[in-house]
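Okay, structure first, notes after.
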Amino acid sequence: MIFVSDSNLLGMQILIRNLGDETRCNEIMIPLKTSADATKLSMPPNIIIPGLEGTAGQAWYNIGTSINNNTNILQLHRFGECTTVKEVAEACFEHVKAELKSNHPFYIIGYSYGSFVAIALAAMLEKTATEANSY
Numbered sequence: 001m002i003f004v005s006d007s008n009l010l011g012m013q014i015l016i017r018n019l020g021d022e023t024r025c026n027e028i029m030i031p032l033k034t035s036a037d038a039t040k041l042s043m044p045p046n047i048i049i050p051g052l053e054g055t056a057g058q059a060w061y062n063i064g065t066s067i068n069n070n071t072n073i074l075q076l077h078r079f080g081e082c083t084t085v086k087e088v089a090e091a092c093f094e095h096v097k098a099e100l101k102s103n104h105p106f107y108i109i110g111y112s113y114g115s116f117v118a119i120a121l122a123a124m125l126e127k128t129a130t131e132a133n134s135y
């Protein structure tokens with residue numbers, strides 16, 4: 001068994017610990033437990049798009065504790081049949097848009113492969129007059 005608190009992990013052990021949370025892999029949006037106070041919980045969430053693994057895992061849960069805003073992870077498992085970044089962005093577009101509120105700032109944050117999806121989503125949102133900031 002590999003525990004999050006283990007600090008002497010190497011190679012595959014680190015990969016196994018950091019990859020996805022299989023218990024929630026069928027969910028598209030997973031809210032992170034963050035350090036946001038009650039005033040920020042009513043704001044639209046920041047949306048993080050992970051790398052090629054496409055899953056919220058222990059690494060993201062750990063990062064969430066240091067974030068001071070309402071934040072969700074967009075998981076990409078359901079879009080595995082897509083063959084291009086544009087197809088992935090189109091497939092998850094309505095799920096992202098449903099999380100946002102007009103006239104409220106939000107961020108789309110992409111990590112590695114997720115940054116390509118974030119840029120494509122930001123372009124799509126701008127076409128619908130939803131202003132996105134992608135990082």
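Residue numbers for the sequence shown follow the UniProt record's numbering, beginning at 1 and rising by one. For every residue, glycine included, the Cβ atom is placed at its ideal position computed from N, Cα and C.
According to the neighbour-count rule (16 or more other Cβ atoms, all chains shown, within 10 Å of its Cβ), is residue i buried or exposed?
i      : result
Gly51  : exposed
Ala123 : exposed
Asn26  : exposed
Met1   : Any answer about Met1 is weak, because its pLDDT of 48 lies below 50 and its placement is not dependable; what the coordinates show is given next. Classification for Met1: exposed.
Lys127 : exposed
Gly80  : exposed
Which class does residue i belong to by DSSP, given the choice of helix, strand or coil?
i      : result
Ile30  : strand
His104 : coil
How far does the beta strand (DSSP E) with residue i in it extend, from its first residue to its last?
i      : result
Ile119 : Careful: Ile119 lies outside any beta strand (DSSP E), inside the alpha helix (DSSP H) at 113-127.
Gly110 : 107-110
Ile48  : 46-49
Does the separation of the CB atoms of residue i and residue j fall below 8 Å?
i           : j      : result
Asn62       : Lys40  : no
Asn72       : Leu32  : yes
Leu76       : Val96  : no
Ser35       : Ser66  : yes
residue 165 : Leu121 : One cannot answer for residue 165 here, as it falls past the ends of the chain, which runs 1 to 135.
Gly110      : Ala98  : no
Looking at the unbroken alpha helix (DSSP H) that takes in residue i, where does it start and where does it end?
i     : result
Leu74 : Element bounds for Leu74: not the alpha helix (DSSP H) but the beta strand (DSSP E), 71-74.
Asn62 : 58-64
Glu94 : 85-99
Thr39 : 38-41
Segment contact, 8 Å Cβ cut-off, at least three pairs: the segment 89-108 with the segment 54-62: no
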